[in-house]
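Worksheet: the structure to be examined is printed underneath.
Chains as they are written, first to last, in the working numbering: chain A, -8 to 348; chain B, -8 to 348; chain C, -8 to 348; chain D, -8 to 348.
Here is the structure:
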């Protein structure tokens, strides 16, 4: 057991605080013989990197990952892969306010309640900077999954504004600053975020992550379910408050007749489903259909508007957070959600291979 | 690692198939010295038992749990607690249809794809009968949590019909057949279910489970988060397609200003939150507020209306499921959700005590 | 984590006390499609069964194992296999002495110190009856390993009397009551045990367990080492005080020149070692040679000669254990050691297959 | 599960190869509020450091550990502690021989058999340099155990030359280059090692590690046994071939009468044992007596004398290892064994506190 690890056979352990010397992870269980160098990892890290657009935090971090072990002559060796990113742009001179006051929506109070002390600089261990290591691990996971499995994510809702699925284009997700698959929505969201930044406020979002090419049979019954793993993985991302698979919460409103994914024989000789309310998972095991997960991200808690709070000493006061925060953390959660999907799939692939050969 | 276990220090492993000799679980890590006898467990099992009302499956199972180890003279000893329920009302003479045909929405096809064989009788290992052992384990978990922590569940939505929260009464949940806290909604739901049963159809639902009395500090950062554990726990229940904490998916539509749970000093000298969008968890650690989890259950897949499917041999056909199925599996998921909440809390309590004393 | 489980992918969890309703285990991770019925398990259980000869405890237990889940139509399904043995010959009327007095060499005092209470009947959870479930699990493990891997054990030392390795015959182990591979030693040991039983005393022993046919490459570096797993597995057997691999403690007395296992090419195109000081494991990974493990079992602590002790209330007294005890528990430890070797190998096989395909 | 981790609640994951950029570990589960800085760790690392005397490898490594996370203002915060040592003195220009030839007694062949490739430089992941991180983790574990628990190690046998226990002095272990508690033996061993180095040969050894001050009750039944954990921990150290507790293999030669550790009441109101054949562990749980573990280390496999071997391509050849190797790796295994004892005790302490409060 480790509070800072996830996965079983593809196992990722992360460490590091927002304003400490750096962040890192140890990835154990990677099969040997996979081509892997730092550029393979950096490609994905760059997609999550702060300061990538004006809509994300302006903290300037190159987030350059170094491979410290586990590869030799450009290939994985089967031994643990250690990755590290140095923290460079910390600006940690002045923490007056967040040192003593508990920020609403942050883990300041709960960390103190648990541990009796905390590294308050930039949120310490609770900072979303930790998610960089998830993305790095996801890059390794993608190597395991190979090219036939595509894991992609998109922002499908910002605030109460949802995309029009008729407009869905994966290509479009690369054209705007929001990983938005609907070009029209992206235009609206740009306006919305400009206004929110002006107001010093923030907004929530919903992310959808899908995986195509996953063969039927990955996952396990009862507690090792693929969807249970995905739920934990997504919920463990900072600021996530909900996770759903396939029809998700919408399934509650359906009848059994409406919800049934009827089956015909596919041209490939495999059963094929006529709809995908299940989101590609039945009984915790992949069905061969597209795996579809959505998760909700709450609005960034660090906002300019003053809010009531208390100090560590128990005095009532208020706090207003100035700083370099993302007005919509959901945007940078897209590559993180993709990475978590890739890691969980890699783990379930190895687990399946172990038991079923 | 085990596909059929959950929890770390309060660790539950279940076994058994729907139509095998019985079902059971082994619970490891229970503290010694807790008063525990079979009646303590039976009380909770009876709430989940099939045939409790006309709205649940008419399979007649007493679901009487036997304690096979781990207690002595009425107290837990600290050694593993083995529980077992015998399967009595199996009616397994005739499985013609489900033996050969993959039922839409069921795990029939995915189990075959994974294992190459399956116990098709009543769903085998994928049957919701397994959840009886979760309820049994939950009874032990409640002993660990003690009387100051109350874990309760309610059905808050059936189909597209949501309760009126202004009517919320925990007492009312004991008065109707749906664990519904809104007496008016319960009346409407009775009608709806009568009609659905007549039609041979089924309906989805949303369950809310809460825990009060949990002190601040339980949980862990990053991957050992209390909410990540709860997400996996709820998603692992049969037919669950979504999980949310606090404001959940609704948080996506909020601004940071709206979502902020402001803080004042409580009369007990502890910080007190003026709202609970967080659902009692911040940064993966309990805040001392009520913990609020909701999960969505899809409509029962076993319905009378014929649906297209294929056989194990790859022939296209259709299937109509006659039998003793719950028209709304969400109803019996209420005590199961409560049990999972209790188990996760017991585990996180022990984990917290281990690290922080 | 579980205190009562071992293995990772082939994972065994046991439960039960000496004088409770029964003993059992849950085996998770078994590949599907292996032929397995109760007779497969009973064959191995019978070899460990009490009362098999006059040199082991006369407790009369058929030790008939029932398969409660995880198989269907004679084959494993990939779901957890639950096994159970009922306790029948408990004679638990009178525990006066061991209820109140701590038996030297037993876990009576340490269980009380840990848990504050204990099931004192027959040693409760600390009883060697638990090892029946290891043997049962070993039977399943052997199915995974297949016929090309042979796991065998022998008693190689009783008291200070060691076998003559020149006389080694595996066939002979089936001809005497001690699993002794040296017919001459078996004669001497019979005399020795007769005398010890007359004296109400007991004696220690050394067991050797070997595995042939294990391919090179099983195991893992650093902490997942095959030999580290074997060491824990053997040390976890009741009364074991030492474990060694290959040359073992004898390696301490050798020079590097003497200890070197030189390598030539085998006729099968694989490297072949000219000696086996390593015991078949290098760097934690199997080398393709015979795997050789030895473990030391202390003399049965339950003896007739009165020994000084104290009561649970702290009064000094003495105790003399009458009862049905094995004068040399090492004898029945032979099938247990074999089973543990088989289980560890099965687990490492699955782990290897997971990572390396 | 992780092949490169050990411990459950005090969990250590190590990474790194002998000639890569560095070595490191992540320690999860450390209680918050412990004073910890780099000097605390360096003190113990210096005791294992290469080149400390003329009897150990002359590789020049300062082995300076850096704390990268998990502490704040000199105290542990409860978040993962990341430690790193840079590799500085690698001399990796020329690996001609060990690149292609399998060194007898090394993991060269088995790593290739498992992974199909390996970092051959200095043994890669199989190098004993990894043990530096065990010592670093042990330094943190000692902080958890506190000053009342003393973990100490000594070399008690070199080759076939065993110390005279009548001469035992813990102070003396600090006076010679061998951690030898017998001043006379230390003189003999110096001569022996001088000769072996001249001959280009090496020698095995036995190490004894003890812990005093451990309260009764740590450990767990059946598979979570304290002694089973210690066996795995010691066996996982490079070159270890045997582990024993208390009387160990010697117990095999004893009768029950001889082996009994009789009990009287101690002046502290606790049961006290009149002897310690058990080595401080009964039924897997500490008895409050001194915990005594011994392990055997084989002679260094890297020796000057040419030995027969084969190349990776399957050609027969011979190899003679020149280089900077320890003539007796057992010497530097003493602080490593101490560290492993400390880590296991810290883990079992937290596990005990979790379950029993």
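Heads up, the beta-carbon is just placed ideally off N, CA and C, and yes, glycines get one too.
Residues of its chain near residue i, where Cβ-Cβ distance is below 6 Å and the 5 sequence neighbours each way are ignored
i                      : result
residue 164 of chain D : 145, 170, 172
residue 333 of chain B : 129, 132, 133, 142
residue 290 of chain A : 193, 194, 195
residue 102 of chain A : 109
Residue j beta carbon less than 8 Å from that of residue i
i                      : j                      : result
residue 326 of chain A : residue 38 of chain A  : yes
residue 192 of chain A : residue 247 of chain B : yes
residue 67 of chain B  : residue 24 of chain B  : yes
residue 72 of chain C  : residue 131 of chain C : yes
residue 321 of chain D : residue 198 of chain D : yes
residue 1 of chain C   : residue 135 of chain C : yes
Cutoff 8 Å: residue i Cβ touching any chain B Cβ
i                      : result
residue 209 of chain C : no
residue 158 of chain C : no
residue 23 of chain C  : yes
residue 218 of chain A : yes
residue 106 of chain C : yes
residue 212 of chain D : yes
Residue burial classification, residue i (beta-carbon count within 10 angstroms, cutoff 16)
i                      : result
residue 186 of chain B : exposed
residue 79 of chain A  : exposed
residue 156 of chain C : exposed
residue 255 of chain B : exposed
residue 161 of chain C : exposed
residue 45 of chain D  : exposed
residue 323 of chain D : buried
residue 105 of chain C : buried
residue 178 of chain B : exposed
Contact with chain A by residue i, beta-carbon distance below 8 Å
i                      : result
residue 17 of chain D  : yes
residue 70 of chain C  : yes
residue 117 of chain B : yes
residue 86 of chain D  : no
residue 250 of chain B : yes
Residues of its chain near residue i, where Cβ-Cβ distance is below 7 Å and the 5 sequence neighbours each way are ignored
i                      : result
residue 36 of chain B  : 54, 56, 123, 126, 127
residue 296 of chain A : 191, 192, 311
residue 282 of chain B : 201, 202, 205, 270, 271, 272
residue 302 of chain C : 91, 92, 308
Cβ neighbours of residue i in the same chain (closer than 8 Å, five flanking residues each side left out)
i                      : result
residue 360 of chain A : As shown, chain A starts at -8 and ends at 348. That puts residue 360 of chain A outside it, with no answer to give.
Neighbour flag for residue i against chain C, beta carbons, 8 Å
i                      : result
residue 281 of chain D : no
residue 134 of chain D : no
residue 126 of chain D : no
residue -1 of chain D  : yes
residue 342 of chain A : yes
residue -5 of chain D  : yes
residue 20 of chain A  : yes
Proximity test, residue i beta-carbon vs the ligand ATP heavy atom, cut-off 7 Å
i                     : result
residue 74 of chain B : The model on display carries no ligand, and the ligand ATP is accordingly not part of it.
Chain D contact for residue i (CB, 8 Å cutoff)
i                      : result
residue 346 of chain B : yes
Going residue by residue through the region 231 to 309 of chain C, where are the continuous beta strand (DSSP E) segments of at least 3 residues, counting only ones entirely within it? 231 to 236, 254 to 256, 262 to 264, 282 to 288, 298 to 301, all fully within the region 231 to 309 of chain C.
Pick out the complete beta strand (DSSP E) segments inside the region 49 to 101 of chain D, 3 residues or longer, and give them in chain order. The qualifying runs are 56 to 60, 72 to 77.
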